[in-house]
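*Asks:* Pasting a structure here, questions to come.
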């Protein structure tokens, strides 16, 4: 059973955030990959994250094998962080809207980092790296949402199915 994200959570997930997708391999060891964008369904009950097939191969293999998914979204300017978890994720057909999302995501994150004083070279490098041509779309229905912002409330469950 999935949860319904709030409007504020949906906006945050699609904003200038660093996104990491994680799961556990068959051997129990963690697999992690940086995502390259996020889209929240109109009903706010499903999330699609985008990642490079090459860089995320271990994550994709583990998810294809039935592993659960955890995704962390952290805003560099504030360190505000949300974590979403689900029992499974499925690949979904890659569409033009996904590629556009990845492009906008890379630009937004680069702008955020440059606003914090990181150089334009880093921003341009990030955009080049994050516009992979081998994108994979993973869709999942969040079952639990945590506040993982550093501080006394870190780990607090915000909503659970």
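Residue numbers (this note's numbering): 868 to 1028. The beta-carbon is built from N, C-alpha and C at its ideal position, and this holds for glycine as well.
If you count every other CB in all the chains shown that lies within 10 Å of the CB of residue 923, and 16 or more means buried, which is it?
*Replies:* Residue 923 comes out buried.
*Asks:* Suppose contacts are defined by Cβ-Cβ distances below 9 Å. Is residue 918 in contact with residue 900 by that definition?
*Replies:* Yes, the Cβ-Cβ distance between residue 918 and residue 900 is below 9 Å.
*Asks:* Could you check the C-alpha separation between residue 920 and residue 927 for me, to the nearest Å?
*Replies:* Approximately 8 Å between the Cα atoms of the pair.
*Asks:* Comparing the C-beta of residue 1002 with each C-beta of chain D, is any distance below 9 Å?
*Replies:* The chain labelled as chain D is not found in the depicted structure, where only one protein chain is given.
*Asks:* Hey, how far is the Cα of residue 869 from the Cα of residue 961?
*Replies:* Looking at the two C-alpha atoms, the distance is approximately 23 Å.
*Asks:* Run through the DSSP bridge pairs and tell me what residue 889 is partnered with.
*Replies:* BP columns for residue 889 point to 899 and 937.
*Asks:* Which same chain residues end up closer than 8 Å to residue 947 when comparing Cβ atoms and leaving out the 5 residues on each side of it in sequence?
*Replies:* Closer than 8 Å at Cβ, skipping near neighbours: 879, 941 and 1016.
*Asks:* Contact defined as beta carbons within less than 8 Å: I believe residue 965 pairs with residue 1004. What is the distance between those atoms, to the nearest angstrom?
*Replies:* Residue 965 to residue 1004, Cβ: 5 Å. Contact.
*Asks:* Taking only runs that begin and end inside the stretch 920-1005, name each unbroken alpha helix (DSSP H) of 4 or more residues, in chain order.
*Replies:* Fully enclosed alpha helix (DSSP H) runs of 4 or longer: 924-931, 963-982 and 987-997.
*Asks:* Compute the Euclidean distance between the alpha carbons of residue 872 and residue 881, then round it to the nearest angstrom.
*Replies:* Spanning the two alpha carbons is a distance of roughly 12 Å.
*Asks:* Just the C-alpha distance for residue 937 and residue 976, rounded to the nearest angstrom, thanks.
*Replies:* Going by the C-alpha atoms only, they are around 20 Å apart.
*Asks:* Which of helix, strand or coil does DSSP assign to residue 884?
*Replies:* Residue state, collapsed to three classes: coil.
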